[in-house]
Amino acid sequence: MQFRELTGGRFGSYLSWMIPYATYLGNQDPLEVLSATARRLHELAHQFGDAHINQPIAPGKWSPREVFIHLADCDLAFGFRYRQALGEENHLVQPFDQDLWAKSYAVYDAHQAIQTFAVLRNWNLTLLRSVTPEQMSKPMRHPERGSETFHRLLEINAGHDINHLQRLEAVLNNSAA
Ligand code: NI
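This note's numbering applies: residue 967 is where the sequence shown begins, and numbers increase by one.
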């Protein structure tokens, strides 16, 4: 999620520097985007079905199940970040290596991932909907991106959702063609 996996691997981490997740958001309201994702993941799981949920979406890429797990894990990470950034002055974000987290992904199933995502997302949205405009502009720091505001976290979280949803939808559209 931290600009490391747009296309995957080392080259991907370089490429994704140039296409920050927040740019996927366009003019959309991040809270609206964040509010719609859980339902969409549920639909996608049905569309992929049991036959395809464990198949990599491209050679060397994650399966839909692994993407769902990654999104649940990312909402754990974002949930921690939101709370740290609201609580601390000029909070410094701690990035994580998603490939290291993914080493344990064999133990989770897709249904569990979607359910966990929905609960975590709802928990985070409850917090985010309470954040004041002043808190939205609270300064924080990222070790790679430098100074940014709290609101930037929402934009990145939402852009990250859009990016993963678009890639999963593209697989379904290609297989239906
Ligand atoms: Ni990601």
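Using N, Cα and C, we set each Cβ at its ideal position, and we do this for glycine too. Please read these numbers as outputs of a predicted model, since none were measured by experiment.
Nearest C-alpha to Gly1053 among Ala1043, Gln1101 and Ala988: Gln1101. When rounded, the separation of the alpha-carbon atoms in Leu1138 and Ile1023 is 9 Å. Under the DSSP assignment, Gly1112 falls in the beta strand (DSSP E) whose first and last residues are Gly1112 to Thr1115. The secondary-structure analysis by DSSP pairs Leu1058 across a beta bridge with Arg1107. In terms of Cβ geometry, Pro996 and Leu1134 do not form a close pair [threshold 7 Å]. Bounds of the alpha helix (DSSP H) holding Ala1017 are Pro996 to His1018. In its chain, beyond the 5 residues on either side, Glu1121, Ile1122 and Gly1125 have a beta carbon closer than 6 Å to the beta carbon of Ala988. Cβ contact annotation for His1130 (same chain, cutoff 7 Å, sequence separation greater than five): Val1033 and Leu1037, in chain order. Taking every protein chain shown into account, the CB of Thr1003 has 16 or more other CB atoms within 10 angstroms, so this residue is buried. Sorting Tyr990, Gln1132, Arg1107 and Tyr1074 by C-alpha distance to the C-alpha of Asn1056 places Arg1107 at the top.
When the alpha-carbon of Ala1079 is set against those of His1018, Gln994, Asn993 and Ile1035, the nearest one is in Ile1035.
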